[in-house]
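>
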Amino acid sequence: MTTTNPREEPDPYRPALVTLSEGVHERVDELRDGLDSERRVLEWLQEITIRTLGRLDLRVYDDITRQFRGQQGVLLASFLCPDARRGNMVKLDHDAAERVREHFVASYVVPAHRDAFRRLRSDAIEYAEGADDGDAHDPKRQRFIAMRPELNELEEWQERALDSLLEGFDERGDLLDWGHDLLLATHGELDQDWITRVYREDSAVDVLTGESVADQRARLLFAAYHVLPRYRAGVRVLCGRAKETPSVGQGADTEPPDW
Numbered sequence: 001m002t003t004t005n006p007r008e009e010p011d012p013y014r015p016a017l018v019t020l021s022e023g024v025h026e027r028v029d030e031l032r033d034g035l036d037s038e039r040r041v042l043e044w045l046q047e048i049t050i051r052t053l054g055r056l057d058l059r060v061y062d063d064i065t066r067q068f069r070g071q072q073g074v075l076l077a078s079f080l081c082p083d084a085r086r087g088n089m090v091k092l093d094h095d096a097a098e099r100v101r102e103h104f105v106a107s108y109v110v111p112a113h114r115d116a117f118r119r120l121r122s123d124a125i126e127y128a129e130g131a132d133d134g135d136a137h138d139p140k141r142q143r144f145i146a147m148r149p150e151l152n153e154l155e156e157w158q159e160r161a162l163d164s165l166l167e168g169f170d171e172r173g174d175l176l177d178w179g180h181d182l183l184l185a186t187h188g189e190l191d192q193d194w195i196t197r198v199y200r201e202d203s204a205v206d207v208l209t210g211e212s213v214a215d216q217r218a219r220l221l222f223a224a225y226h227v228l229p230r231y232r233a234g235v236r237v238l239c240g241r242a243k244e245t246p247s248v249g250q251g252a253d254t255e256p257p258d259w
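In full-length UniProt numbering, the protein residues as written are 1 to 259.
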């Protein structure tokens, strides 16, 4: 769901801010159209978390977690396309679901985007000339989140760890390898014995290695409750140290902002 404006966008002199905002805008458009699976909801939350530099309200993660307990919740069902809804939520009114999605964007994503923008702006390099299509700092040519390679690296670890968790593990020992990935995915924002406790807890191991539909759903709940809030914490720690780098060519570094 997009809007059009006949005016051309101005040439960006601080393309990192444009790149940040475009990344948020793309995820907002996807959400407003409806997501195609419960798994995609968690992937989407990971993506919007890093693109708002960890500024989403913690209540979002609590609310999403509750949606995976028992029957599919209204918020979760509203995030989804009609074909992905289950149980009583199959009959959820289309207009009501659309209003829930818009309310979520207005209440949580917009404020988080604003906070991320304000925290990035003092560190966003201003280029002497606006970017043309061939320029290294053209926002359309950037492959790094907010032109910060460190954030892309973090996201790759986050995607890897989340995918492994949701797919499930073959045996208990695999959790130790996953713990290595998760440490990088959270930028170290794990309790010292967190992986050890998961490894030792038989009920957790049963869920993480199980193959039933119930186990798969329990892993969604595990990710929402245990993993995504720690992703948020890791992004917040890292983003103050990430420096701007165009995807092509050379870019000057600046001192990290005092966050």
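For glycine and all other residues, C-beta sits at the position ideal for the given N, C-alpha and C.
Identify, in the order they occur along the chain, each residue of the same chain with its Cβ nearer than 8 Å to the Cβ of Leu-238, setting aside the five sequence neighbours on each side.
Taking the sequence shown and counting its residues from 1, the one referred to as residue 238 is at position 238. For Leu-238, where only same-chain residues beyond five positions count, the Cβ hits under 8 Å are Glu-150, Leu-151, Leu-154, His-187.
> What residues in its chain sit with their C-beta under 6 Å from that of Val-227, if we drop five residues either side in the sequence?
Taking the sequence shown and counting its residues from 1, one reaches residue 227 at position 227. Excluding sequence neighbours, Val-227 sits near nothing in its chain.
> To the nearest angstrom, how far is it from the Cα of Ile-48 to the Cα of Val-24?
As a position in the sequence shown, residue 48 is number 48, starting the count at 1. As a position in the sequence shown, residue 24 is number 24, starting the count at 1. For Ile-48 and Val-24, the distance between alpha carbons rounds to 7 Å.
> Name, in chain order, the residues that DSSP records as bridge partners for Leu-80.
Looking up residue 80 in the sequence shown gives position 80. DSSP, once it has assigned bridges, lists Leu-35 as partnering Leu-80.
> Could you give the residue range of the alpha helix (DSSP H) that holds Ile-64?
Counted from its first residue, the sequence shown places residue 64 at position 64. From DSSP, the alpha helix (DSSP H) with Ile-64 extends over 58 to 67.
> So Ser-122 is in the alpha helix (DSSP H); what residue range does that whole segment cover?
To locate residue 122, count along the sequence shown from 1; it is residue 122. Careful: Ser-122 lies outside any alpha helix (DSSP H) and carries neither H nor E.
> Given a cut-off of 8 Å, decide if Arg-101 and Ser-122 are closer than it, judged by their beta-carbon atoms.
On the sequence shown, position 122 is the one that residue 122 refers to. On the sequence shown, position 101 is the one that residue 101 refers to. Taking 8 Å as the Cβ cut-off, Ser-122 and Arg-101 do not qualify as a contacting pair.
> Excluding sequence positions up to five away, which residues of its chain have a Cβ less than 7 Å from the Cβ of Val-198?
One-based indexing of the sequence shown puts residue 198 at position 198. Here the set comprises Leu-175, Ala-204.
> Short of 6 Å in beta carbon distance, which residues of its chain neighbour Gln-71, apart from the five on each side in sequence? Order them along the chain.
Indexing the sequence shown from 1 puts residue 71 at position 71. Within the same chain, Gln-71 has close Cβ partners Gly-87.
> In whole angstroms, give me the CA-to-CA distance for Glu-189 and Ile-50.
Locating residue 189 in the sequence shown gives position 189, counting from the first residue. Locating residue 50 in the sequence shown gives position 50, counting from the first residue. Distance between the alpha carbons of Glu-189 and Ile-50 is about 14 Å.
> For Arg-40, tell me which candidate among Asp-163, Ala-97, Val-105 has the shortest Cα-Cα distance.
Position 40 of the sequence shown, counting from 1, holds the residue named residue 40. Arg-40 has its Cα closest to that of Asp-163, out of Asp-163, Ala-97, Val-105.
> Are there 16 or more other CB atoms within 10 angstroms of the CB of Thr-19, so buried, or fewer, so exposed?
One-based indexing of the sequence shown puts residue 19 at position 19. It is buried - the Cβ of Thr-19 has at least 16 other Cβ atoms within 10 Å.
> With DSSP as the reference, label Arg-172 as helix, strand or coil.
What you label residue 172 is simply residue 172 of the sequence shown in a count that begins at 1. Reduced to three states, the DSSP call for Arg-172 is coil.
> Just tell me which of Leu-58, Leu-17, Ala-96 has its CA closest to the CA of Gly-34.
Here the question's residue 34 lines up with position 34 in the sequence shown. The candidate whose alpha carbon is nearest that of Gly-34 is Ala-96.
> Indicate the three-state DSSP secondary structure (helix, strand or coil) for Leu-184 in the structure shown.
Position 184 of the sequence shown holds residue 184. Leu-184 falls in the helix class under three-state DSSP.
> Among the candidates Glu-159, Arg-148, Tyr-61, Glu-171, whose CA atom is the shortest distance from the CA of Leu-120?
As a position in the sequence shown, residue 120 is number 120, starting the count at 1. Of the candidates Glu-159, Arg-148, Tyr-61, Glu-171, the one whose C-alpha sits nearest the C-alpha of Leu-120 is Arg-148.
> Report the rounded CA-to-CA distance for Tyr-127 versus Pro-15, giving the unit in angstroms.
For the purposes of this step, residue 127 is taken as the residue at position 127 of the sequence shown. For the purposes of this step, residue 15 is taken as the residue at position 15 of the sequence shown. Note that Tyr-127 has pLDDT 47, beneath the 50 cutoff, so the model's placement of it is unreliable and no number is given.
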